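Data first, discussion second: the structure below is written as structure tokens.
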Amino acid sequence: MSDNVCYVDAYARTIEARLRAVEPPAAAGKGALVLLDRTVFYPGGGGQPADRGTLRTSDGRSWQVVAARRQGDEIWHELEAGIDPPAPGEAGGPAGVFTADLDWERRHRLMRTHTALHALCGVVWRDYGALVTGGNMEPGAGRMDFEFERMSGELVGAIESAVNEELLRARDVRVNVLPREEAFAIPDLIRTKIKLLPEGIQEIRTIEIVGLDLQADGGTHVANTREVGTIRVTGYESKGRINKRIRMELVAPDSL
Ligand SMILES: [Zn+2]
7 MSDNVCYVDA YARTIEARLR AVEPPAAAGK GALVLLDRTV FYPGGGGQPA
57 DRGTLRTSDG RSWQVVAARR QGDEIWHELE AGIDPPAPGE AGGPAGVFTA
107 DLDWERRHRL MRTHTALHAL CGVVWRDYGA LVTGGNMEPG AGRMDFEFER
157 MSGELVGAIE SAVNEELLRA RDVRVNVLPR EEAFAIPDLI RTKIKLLPEG
207 IQEIRTIEIV GLDLQADGGT HVANTREVGT IRVTGYESKG RINKRIRMEL
257 VAPDSL
């Protein structure tokens, strides 16, 4: 199995790796798939889109990576369509090595957005006892769905200021990996639907905004909430009597 660095170090943006396998495009209009022995690319999941970036060799060839995707335990890089991929078994230039680079500006904005959504989730649970049921994001903006009967347009301002207050408290964000039984004993994790994780998963990765929110999560986040800046709640929609959707976006400029 390859070394999937994105789950351990969200700030790793480039890595040198060897080619393990190449698969031809699955269909017309699709790109070839490349597997490296290690990667910094996040394959998408939990509402966070897959990374983009480039793959290059030391002899000057390069490919755009338009997405990454997980198959079993492995993360494959999808190259742009219509371009010849590296040959299977290729050494990757004189140094025998490929360099995989993330589109870091986009990824870092996703990390800030993802962390902001966790802060939103934590605040809505703490102040209103509403459970999150799902979420989605793009760089700089996202939405979360809640079982939140009392949600109304009048609460938008209060939620927005409470989230910004928490972000500005400069809370650390920690990644942990726990044995399944230990994770299932934590009430905060139970409420975020950890139950839905497949039986086979023996270790649970958690993201904790210290003092605010704890979730089972596979995505990438910033290390401290101050790096998010502040957010604006851009809207809310009623998806039924109970289910409400809250939309938000990042306000502060990128802090790369
Ligand atoms: Zn998350």
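Each residue of the sequence shown is one higher than the last, beginning at 7 in the numbering used here.
Using N, Cα and C, we set each Cβ at its ideal position, and we do this for glycine too.
As the structure is a prediction and not an experimental result, all values here were calculated from the model.
- With contacts defined by Cβ atoms closer than 8 Å, A27 and A106 do not form a contacting pair.
- By DSSP's assignment, K36 forms no beta bridge with any residue.
- Of all alpha-carbon atoms in T20, S158 and V130, the one lying nearest the alpha-carbon of E243 is that of S158.
- Sequence-distant Cβ neighbours of L123 in its own chain, meaning closer than 7 Å and more than five residues away, are G141, M143, G148 and M150.
- Looking at G241, P30, C127 and E111, the one whose alpha-carbon comes closest to that of P91 is P30.
- According to the DSSP secondary-structure assignment, H83 is paired through a beta bridge with V40 and A74.
- Annotation for S244: no alpha helix (DSSP H) segment contains it, though the beta strand (DSSP E) segment containing it runs I237 to S244.
- Contact between G146 and T121 is absent: CB atoms are separated by about 13 Å, not below the 8 Å threshold.
- Approximately 15 Å separates the beta-carbon atoms of F152 and A164; this is outside 8 Å, ruling out the contact.
- Straight-line measurement puts the Cα of D223 at about 25 Å from the Cα of S167.
- Only exposed fits I89, as fewer than 16 other CB atoms lie within 10 angstroms of its CB.
- Straight through space, the alpha carbons of G246 and A34 are spaced by roughly 40 Å.
- Not a single heavy atom of ligand 1 lies less than 7 Å from the C-beta of G128.
- Counting C-beta pairs with one atom in each stretch, the region 234 to 241 and the region 211 to 219 have fewer than three that are closer than 8 Å, which means they do not touch.
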